[in-house]
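Since the structure comes first, as structure tokens, the remarks are kept for the end.
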Amino acid sequence: MSGMTPEQMAAFLERPLVAVFVTLRANGAPHAIPVWYEYRNGAFIVFTSSTFQRVKNLERDSRAAITISTHDEPYMYVSAEGPVSITSEGVEETGLSIARRYMGENAQQFLDDVHDEHSVLLRLTPERILTWVED
């Protein structure tokens, strides 16, 4: 058991694994949901809707965490914590890029179905990253 090297982490985060994104409810309870993500320029980016609870939570408290893990051997994970910024800048292009990771050639159709005036990007800038890889 050990942490990942920077090269292992970069390769791991290129895989289209579903992440768990955690925000805090008004009462302090965690709100954990599965998300698609992209890791770009040292930040985790999630395409979502401003009408969702996760965004409402972040508007009140910008702290969040994201965990990406495997579900079979060799077991690995990356978990990051930090503040999240919310933006609509580049939302369509980044949304398509994220959808391509998970949907391949069906990405544009998926984006056409979900993208609207409420679409936003969540950018988690890690203050702490934990990694683990099974030896």
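Last residue of the sequence shown: 199 (this note's numbering), numbering continuous. Ideal placement from N, C-alpha and C gives every residue a C-beta, glycine not left out. Model, not experiment: these values are computed from the prediction.
Beta-ladder partner(s) of residue i, from DSSP
{"i": "Tyr103", "result": "Phe108"}
{"i": "Val148", "result": "Leu188"}
{"i": "Pro70", "result": "According to DSSP, which records beta bridges pairwise, Pro70 is partnered with nothing at all."}
{"i": "Pro94", "result": "Leu88"}
{"i": "Tyr141", "result": "Ser133, Trp196"}
Residues near residue i by beta carbon distance below 8 Å, same chain, minus five either side
{"i": "Gly106", "result": "Thr189, Pro190"}
{"i": "His95", "result": "Val86, Thr87, Leu88, Arg89, Gln117, Arg118, Asn121"}
{"i": "Thr134", "result": "Leu81, Met140, Tyr141"}
{"i": "Pro147", "result": "Ser126, Arg127, Ala128, Leu188, Thr189, Glu191"}
Helix, strand or coil at residue i according to DSSP, with G and I counted as helix
{"i": "Leu185", "result": "strand"}
{"i": "Ser114", "result": "coil"}
{"i": "Leu175", "result": "helix"}
{"i": "Arg124", "result": "helix"}
Short Cβ contact (7 Å threshold) for residue i with residue j
{"i": "Leu175", "j": "Val110", "result": "no"}
{"i": "Met68", "j": "Thr195", "result": "yes"}
{"i": "Val99", "j": "Met140", "result": "no"}
{"i": "Ile162", "j": "Glu102", "result": "yes"}
{"i": "Glu145", "j": "Arg104", "result": "no"}
{"i": "Ser126", "j": "His182", "result": "no"}
Residues near residue i in its chain [Cβ-Cβ closer than 7 Å; skip 5 each side]
{"i": "Arg124", "result": "Ala90"}
{"i": "Pro80", "result": "Arg165, Tyr166"}
Local Cβ density within 10 Å of residue i, reported as buried at 16 or more and exposed below that
{"i": "Glu78", "result": "exposed"}
{"i": "Val82", "result": "exposed"}
{"i": "Ala128", "result": "buried"}
{"i": "Gly159", "result": "buried"}
{"i": "Thr112", "result": "buried"}
Residues near residue i in its chain [Cβ-Cβ closer than 6 Å; skip 5 each side]
{"i": "Ser149", "result": "Arg187"}
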